[in-house]
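Taking the UniProt record's numbering, the leading residue of the sequence shown gets 1, the next gets one more, and so forth.
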Amino acid sequence: MRTFGLDYGTKTIGVAVSDGLGLTAQAVTTVRRASLKADLAELSRLVKEHEVTRFVLGLPLNMNGSEGPRAEATRKFAEVLESALGLPVELWDERLSTVAAQRTLLEADVRREKRREVIDQLAAQFILQGWLDAHRPRTDDYDTGYDDYDPEA
Numbered sequence: 001m002r003t004f005g006l007d008y009g010t011k012t013i014g015v016a017v018s019d020g021l022g023l024t025a026q027a028v029t030t031v032r033r034a035s036l037k038a039d040l041a042e043l044s045r046l047v048k049e050h051e052v053t054r055f056v057l058g059l060p061l062n063m064n065g066s067e068g069p070r071a072e073a074t075r076k077f078a079e080v081l082e083s084a085l086g087l088p089v090e091l092w093d094e095r096l097s098t099v100a101a102q103r104t105l106l107e108a109d110v111r112r113e114k115r116r117e118v119i120d121q122l123a124a125q126f127i128l129q130g131w132l133d134a135h136r137p138r139t140d141d142y143d144t145g146y147d148d149y150d151p152e153a
């Protein structure tokens, strides 16, 4: 079961995907926004290609946790996306994801032109990785099978 992480912007949509176990997120692509119909068609194509079953959409909250116009637009896009593609969409706080992505690219000494190409997909990767980490089962959530292990037996 794979999950897409999306960084929804006015000009682009950054896309990242989880591995099959839901442990790690990898950047996939940046969708250049053209029209809602074209954007949904491209996301649908990517969903099929990567066998995705859910979306995690970054919700751009203000630093104090309040919602502004971008959060409202993101919520509307979430509704349309869920309806059009028939997959669940979960909103996830994306505060500082783009800042973290920029810092990572600067520390890696990536050229400015290349940073512009990958910043949105790297932000999507940070969004998805945060969601995956928060939803990872804790070791006390499942039976390891070692409670009854007797090395002398």
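Glycine residues also receive a C-beta, built at the ideal position from the N, C-alpha and C atoms.
For Arg54, the enclosing beta strand (DSSP E) starts and ends at Val52 to Leu59.
Membership of Thr24 in any alpha helix (DSSP H) is not indicated, and neither H nor E is assigned to it by DSSP. Excluding residues up to 5 positions away in sequence, nothing lies with its Cβ nearer than 7 Å to the Cβ of Arg45 in the same chain. Shown here for Asp39: same chain residues with a beta carbon closer than 8 Å to its own, the five before and five after excluded, namely Ile13, Val31 and Arg33 in chain order. The C-beta of Thr74 has 16 or more other C-beta atoms within 10 Å across all chains shown, which makes the residue buried. Exclusion of the five residues before and after Tyr8 leaves Leu57, Gly58, Thr74 and Phe77 as the residues of its chain whose Cβ lies within less than 7 Å of its Cβ. Boundaries of the alpha helix (DSSP H) around Ala78: Pro69 to Leu85.
In this structure, Val118 lies away from Leu87, with their beta-carbon atoms at least 8 Å apart. Out of Glu42, Ser35, Thr53 and Leu6, the CA that lies nearest to the CA of Leu21 is found in Thr53. With contacts defined by Cβ atoms closer than 8 Å, Leu61 and Asp93 form a contacting pair.
Note: Leu91 is bridge-paired with Leu57 in the DSSP secondary-structure output. Under DSSP, Phe4 takes part in a beta bridge, and its partners are Val17 and Phe55. Taking all protein chains shown into account, Ala108 has fewer than 16 neighbouring C-beta atoms within 10 Å of its C-beta and is therefore exposed.
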